[in-house]
Amino acid sequence: MASWNTSCFGTRFQSFISSKFESSEHLLTSCVFARQLCFHNLQPLNLASLVPTRRTLSFADWWKKSARKVQKEHRKGFKSFVILGAWNLWKHRNACVFDGSPLSIPTALQAFKDESHLWVVGGAEGLLGLGLGSPT
5 MASWNTSCFG TRFQSFISSK FESSEHLLTS CVFARQLCFH NLQPLNLASL
55 VPTRRTLSFA DWWKKSARKV QKEHRKGFKS FVILGAWNLW KHRNACVFDG
105 SPLSIPTALQ AFKDESHLWV VGGAEGLLGL GLGSPT
C-alpha cells in the first residue's frame with residue numbers, strides 16, 4: 005500500500021462527490037499517485053520528462069503540450085498511451101473507493117501492462133510502436 009497522502013482515492017465509505025480532491029483534473033494530473041504511476045509508465049519509454057507536475061491544472065493542456073514533444077511517428081501511440089493510462093488510473097481508483105482494494109503502484113502497473121497488450125491485439129498499433137503491448 006502506498007505511504008503518501010491518498011485522500012483523492014478516498015475510503016470505501018467516503019462520499020467521493022463531496023471531496024474537494026474529486027475532480028478528474030486532480031485525479032489525472034496532480035494526484036501524487038497518478039504522477040508516480042505516469043512516471044513508472046513513461047520512464048521505460050524515455051519520456052519521463054513528460055510527467056505532469058504538481059502545478060499542472062489541465063489534463064487536456066498537458067496532453068496537447070506533451071504530444072507535441074513526442075516524435076511525430078510516435079504521437080498516435082502516445083495519445084493511445086494517455087487514454088489507456090487515464091482509463092487504468094480511473095479503474096484502479098474506483099476499485100480502491102468502491103471495492104476497498106488497496107492503493108498499489110505494482111497492481112496498477114501490471115493492469116496497465118495487461119491492458120496495453122489487449123489494446124495492441126485489438127489493433128492499437130501505435131502502442132506497439134512505443135514498445136508497449138508485448139506479452140510478458
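Mind the numbering: the sequence shown is residues 5 to 140 in my numbering, read in order.
All residues carry an ideal CB built from backbone N, CA and C; glycine is no exception.
For C42, same chain residues with a beta-carbon under 6 Å away, outside a window of 5 residues either side, are V55 in chain order. Segment contact: the region 104–123 against the region 46–53, fewer than three CB-CB distances shorter than 8 Å; contact not assigned.
Distances from the CA of L32 to each of P106, A128, I87 were compared; the closest alpha carbon is that of I87. The alpha helix (DSSP H) runs of length 4 or more contained entirely in the region 85–129 are, from start to end of the chain, 109–125.
Straight-line measurement puts the Cα of S27 at about 16 Å from the Cα of C100.
CA-CA distance, E129 to Q75, rounds to 16 Å.
The C-alpha of G133 lies about 24 Å from the C-alpha of I109. Counting the other CB atoms within 10 Å of its CB gives R97 a total of 16 or more, which places it among the buried residues. The C-beta of G137 has 16 or more other C-beta atoms within 10 Å across all chains shown, which makes the residue buried. For the 7 Å CB-CB criterion, L113 and W123 do not form a contact. DSSP, read as helix, strand or coil, puts L134 in helix.
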